[in-house]
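Everything on this sheet refers to the single structure shown next.
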Ligand code: HEA
Ligand code: HEA
Ligand code: CUA
Ligand SMILES: [Cu+2]
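Chains as they are written, first to last, in the working numbering: chain A, 59 to 357; chain B, 5 to 107; chain C, 2 to 656; chain D, 339 to 555.
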């Protein structure tokens, strides 16, 4: 009696804390649950699926535990069955080898499908926008190879158009993450990898480095602004006409360790991204070469 | 079980055979490569197979793995270790070549 | 080198931060205190003879346990400092540099210098007794393992005081950890300390495999072995397979840093990702190294306190072996976001999830072991019970992380931090505490008082959920790990604050454990039965603590729960030695060489840390000398005469 | 016909065992000896994975030559050199095997002779390897020149360090054999160093194939 009331108060406490947590963060701040594009949405779907499928076993396990502990307590007068030699049951064991196998099978199948899908453009029939992303100590540099403009610590993208981010680092490895738009990928020195994202709602999205790069890492925040195509083009024109040039010297200064606010540039040294990748070891990476040739032909 | 190797105490036959085999395998691999006997891929396959045979020669003729006391748990573990050797090497190549499909 | 010397001298002693100065002062005071106490009570000889030179697995277990608890405290203080810094946005409690050092040392210490010695304490305390052996297969090597761990840990902790701590995370990814970005000595400390203790760990793996395969009492076939011993076997197999990989990863990075090679640099063709690859080939299996022994402990505890045979013994064995092998094939899930391609990611997603299958079987079998049993809620059992929901959740979130597409959203966020603390604390720490409470009487000869232990349990357990549940949500809100602070406008403040409160509750829980131990020491309640819990396996057939040869006569085993079966049949006396069956017992001699060898490694490590190659080489020469000394020692053993054994047994009331 | 245990076993350390395959070999004649040999196999298991990591790293970076010498260039110069190393080491494995064989015949004198020859061949191998390294360094192919070279020197050098340890260790055992004679303990010690030696041959065969042969392919 005394015991179970203690259990109850613990449960009540937990429930209270849980409720507090949920209300504390139930708005749009739970960014992973607020997808603003097809990639994040596809990932969220899998999150719901995995939550559901694991809940199917985990919740019964916890309930069963509670029931068994209450039922088979060693106290005088407990008349529940006591079978100290009950230690084998083929049927039971078959069941619990089988259930996880089935769940893992389903999740594995979906994973296979989605992993391949996410490596492609979300809308292959639309021409993508290409943005080259370079993580520096401790800032984000964005190049628009087709628009020939560059920005620091923010990027604008058109809505409803797939964006191919080509990622590299000049400095320690970081990761590019915009939770509302979809999952992250590493930016690695000497490598160029591709990440597809797309926004279908206009808005301003929080982005942050995903892999620790030293004392300035915490400040490596950036914005991704999604706006309709026409607004996007207007912004490009505005940067191209109004912003200063990025000279080679300017670039070298950006590479120096330090934090910065947002900047825009109306031009940048030709081929600087490709050159950086190659200098840092990209020439040994077969796929880098292919990727960059691909990029060059577009620009 | 009759020991395979020490059947004839008068002369270490098995050691001599093992030695001969290891020299032969080495020379085949060496001259196949320096003489460009085959195209790249088959050549690679041949020398890897020869290396595997060499390892077996060392294990069987010199380390006497056939005649240790049973149960031979050490050989099981050594075998699994060789398995992971291959896994770690091959998967490192697989992972590090980034076979990202390009658009 | 002259230049380097002058340069390092300036940075030699860490100065500036009041917290570090405080710690320095504390460390110096404690050391002086220890020296004083030892001198005052004339205990130096005793320390050397009984402890520093011992090769007895039971004493080595106690030293490991002490070290583990100390390191839990050190790592825990780190955690409290971090949580304090993160309680509110834009806190100025810790500087970024200091915060970086603290999470690095926290993670490294908790995993390598807390979890590892804790499991080794349990291995040493239990395995020889459970299988009816007089010691481990290689007692001398066992002592070497301990001293390598000890001096490795000492070297690592020294970084706090001399030269500066590593600050690139416990994962230590290059190129951030290459000289170009990290010129200080902190990273060298990390690399050398882990290398040294890693050698000891490999030796422990060798030792316990040999012990379990070769030293079992007659009649104890593999399928009659207690599940804890099975778990240790699996653990040691993993150790043999993956610790060498860590050694290589560390060595290569060290070669880069000390000799200017280019394995992982950005220039000259280095490939930093290969470090990450090697690190996780070790790193993932490492978490199973930590958790398998805990699983073994749960099996023992659940069965004992349900007074019931373990359910599905064969499945349990099969699942241990399955985890041992499959666990080595999943490592890429730590860097799905590297973009190695969908084929790679899919393969490793599925292999990772596959581990959930054998683990699930274990969970269900524990439940069924309790089902139709008689459950006693003693302290070990409480920790075991608290483990199950905790680990079910940790495992579930693990499976979520295992799917590459969703890992893209979870990776390196606080969601991940919450996952691994739930697995490491709910799985490993709870398991080790359960094991500590369970075998404490066997190790020390007295029981721990329950009262403060229960307080500790509730504070720690409730604190755990309060601390880490909010972190799952923080991760989904986009909060990254390894941020020393965060802006006020992100809506992260509330949850962080709650989490910090939880961390303090856990700290209080830990303090209660300390109080409990001290209280039980002062009001000692001796365990005269040798079997305080109604145990099932051989160790409970011995007095607490067992004499140093363990078994006067090696028992003959006929059943899985040998001791329990005997008790049921009223045949306990079968384990009392008959005087005529007692013969001379062959035991290894104590030796100071393992300690000296550890010291030589320490000197070498310290030398290389500061780039003093001569000191390093001298240390290594010392190591070689120790090895040669051992090889030349023709009489490392001695005999305990039968008469002396009879006297000891008689004094224990067993004749 | 193996040697009778009692002849060479003045005092043995533990209870003796009779195996299921006829007369027991000297090094396995005590439980302690059998356990130590088993333990050594476990050490070899860990060494397999140590080399696995080095090979994995080497194959990942061996094309990363940073405009320095390539494998083909470096090893193609002097293929006879690494062939000679290989033959020296293979022969030493053979002589080490003969030493074990003589031990099993109970002939301590010949055992010591073959051990001496093995040590000499080991030194020949090391001499060749050091000459090779010096030659390469002379061409500017230092460990600092490229990732490929870092990998090369570390992988091959780690094997070389193992051989060096092997030479020292075998000399120490040779000394013990001379000093204490052939008994269960020294037999076990030699058997273990012999296993180690053969294992180093296995590793070398892989280096020969993966580093040198593919290098000049
Ligand atoms: C003891 C420690 C421990 C344990 C046991 C585990 C167990 C598991 N872990 Fe965890 N993990 C860590 C410690 C641990 N982990 C650490 C420290 C890190 C991060 C390191 C760092 O980056 O610093 C990490 C990171 C980590 C990642 C990397 C994420 C990332 O970096 O983005 C992944 C991804 O797959 C993962 C998955 C898993 C899985 C699938 C299991 C499985 O083994 C879990 C299996 C258990 C269950 C599933 C529960 C019981 C089962 C049932 C009740 C049956 C049915 C269930 C289902 C079918 C779902 N872990
Ligand atoms: C077994 C391993 C283990 C254990 C037990 C813990 C225990 C704890 N950990 Fe740790 N943790 C890791 C392994 C572990 N951790 C690892 C591997 C990392 C990753 C590191 C990296 O990124 O490189 C990490 C990182 C990590 C972070 C993320 C840091 C970051 O990314 O910025 C945080 C933040 O909350 C945290 C918190 C805690 C807390 C509150 C505890 C608590 O459980 C601690 C409980 C406290 C004690 C046991 C000691 C009590 C102290 C006292 C009694 C003193 C009294 C003082 C006060 C009460 C103020 N840990
Ligand atoms: Cu017998 Cu070699
Ligand atoms: Cu993992």
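The C-beta atom is built at its ideal place from N, Cα and C for all residues, glycine as well. Just so you know, these numbers come straight off a predicted model, no measurement behind them.
Query, Result
"Neighbourhood of residue 360 of chain D by C-beta distance below 7 angstroms, restricted to the same chain and skipping five residues each side", "With a pLDDT of 43 at residue 360 of chain D, under the threshold of 50, the predicted position of this residue should be treated as unreliable, and no value is reported."
"Nearest candidate by alpha-carbon position, reference residue 490 of chain D, set D:455, D:371, D:520 and D:391", "D:391"
"Nearest-angstrom Cα separation, counted from residue 199 of chain C out to residue 385 of chain D", "13 angstroms"
"Heavy atom of ligand 4 within 8 angstroms of residue 335 of chain C beta-carbon", "yes"
"Beta strand (DSSP E) segment containing residue 227 of chain A, residue limits", "221–228"
"Where residue 232 of chain C falls, given that 16 or more other Cβ within 10 Å makes a residue buried", "buried"
"Beta-carbon contacts of residue 397 of chain D that lie in its chain and below 8 angstroms, excluding the five residues immediately before and after", "548"
"Top-ranked residue by Cα proximity to residue 201 of chain C, from C:616, C:598, C:647 and C:620", "C:598"
"Status (buried if at least 16 other CB within 10 Å, exposed otherwise) for residue 468 of chain D", "exposed"
"Ranges of the beta strand (DSSP E) found wholly within the segment 520–552 of chain D, counting only runs of at least 3", "none"
"Top-ranked residue by Cα proximity to residue 217 of chain A, from A:89, A:233, A:95 and A:90", "A:95"
"Distance cut-off 8 angstroms: residue 116 of chain C Cβ against heavy atoms of ligand 2", "yes"
"Coil, strand or helix - residue 586 of chain C by DSSP", "strand"
"Test: residue 353 of chain D CB closer than 9 angstroms to a CB of chain B", "The predicted position of residue 353 of chain D is uncertain, since its pLDDT is 36 and thus under 50; a value taken from the coordinates is nonetheless stated next. Cβ-Cβ to chain B under 9 angstroms: no for residue 353 of chain D."
"Under the three-state DSSP convention, the category residue 131 of chain A falls into", "strand"
"Near ligand 1: residue 354 of chain C beta-carbon under 8 angstroms from a heavy atom", "yes"
"Span of the alpha helix (DSSP H), counted from its first residue to its last, around residue 196 of chain A", "Note, residue 196 of chain A: premise wrong, no alpha helix (DSSP H); not H, not E."
"Whole-angstrom C-beta distance between residue 476 of chain C and residue 411 of chain C, which should lie under 8 angstroms", "6 angstroms"
"is_contact[residue 245 of chain C, chain D] using C-beta, thresh 9 angstroms", "yes"
"As assigned by DSSP and simplified to three states, the class of residue 221 of chain C", "coil"
"For residue 254 of chain A, the residue or residues it bridges with in DSSP", "A:222"
"Proximity test, residue 284 of chain C beta-carbon vs ligand 1 heavy atom, cut-off 8 angstroms", "yes"
"Contact test: residue 115 of chain A Cβ vs ligand 1 heavy atom, cutoff 8 angstroms", "yes"
"Helix, strand or coil at residue 637 of chain C [DSSP, three-state]", "coil"
"Interface positions of the segment 245–272 of chain C facing chain D (Cβ-Cβ less than 9 angstroms), listed along the chain", "245, 246, 247, 248, 249, 250, 252, 253, 256, 257, 260, 261, 262, 263, 264, 265, 266, 268, 269, 270, 271 and 272"
"Check: residue 288 of chain C C-beta below 8 angstroms from any heavy atom of ligand 4", "yes"
"Between the CA atoms of residue 280 of chain A and residue 311 of chain A - distance to the nearest angstrom", "19 angstroms"
"Segment contact, 8 angstroms Cβ cut-off, at least three pairs: the segment 61–72 of chain C with the segment 138–154 of chain C", "yes"
"Helix, strand or coil at residue 111 of chain C [DSSP, three-state]", "helix"
"Helix, strand or coil at residue 45 of chain C [DSSP, three-state]", "helix"
"Partner residues on chain C for residue 92 of chain B, Cβ-Cβ distance less than 8 angstroms", "246 and 282"
"Distance, residue 18 of chain B Cα to residue 9 of chain B Cα", "With a pLDDT of 43 at residue 9 of chain B, under the threshold of 50, the predicted position of this residue should be treated as unreliable, and no value is reported."
"Backbone secondary structure at residue 303 of chain A - three-state DSSP", "strand"
"Alpha-carbon spacing of residue 103 of chain A relative to residue 405 of chain C, whole angstroms", "13 angstroms"
"Bridge-paired residues (DSSP) for residue 321 of chain A", "A:210"
"Rounded C-alpha distance that separates residue 419 of chain C from residue 115 of chain A", "20 angstroms"
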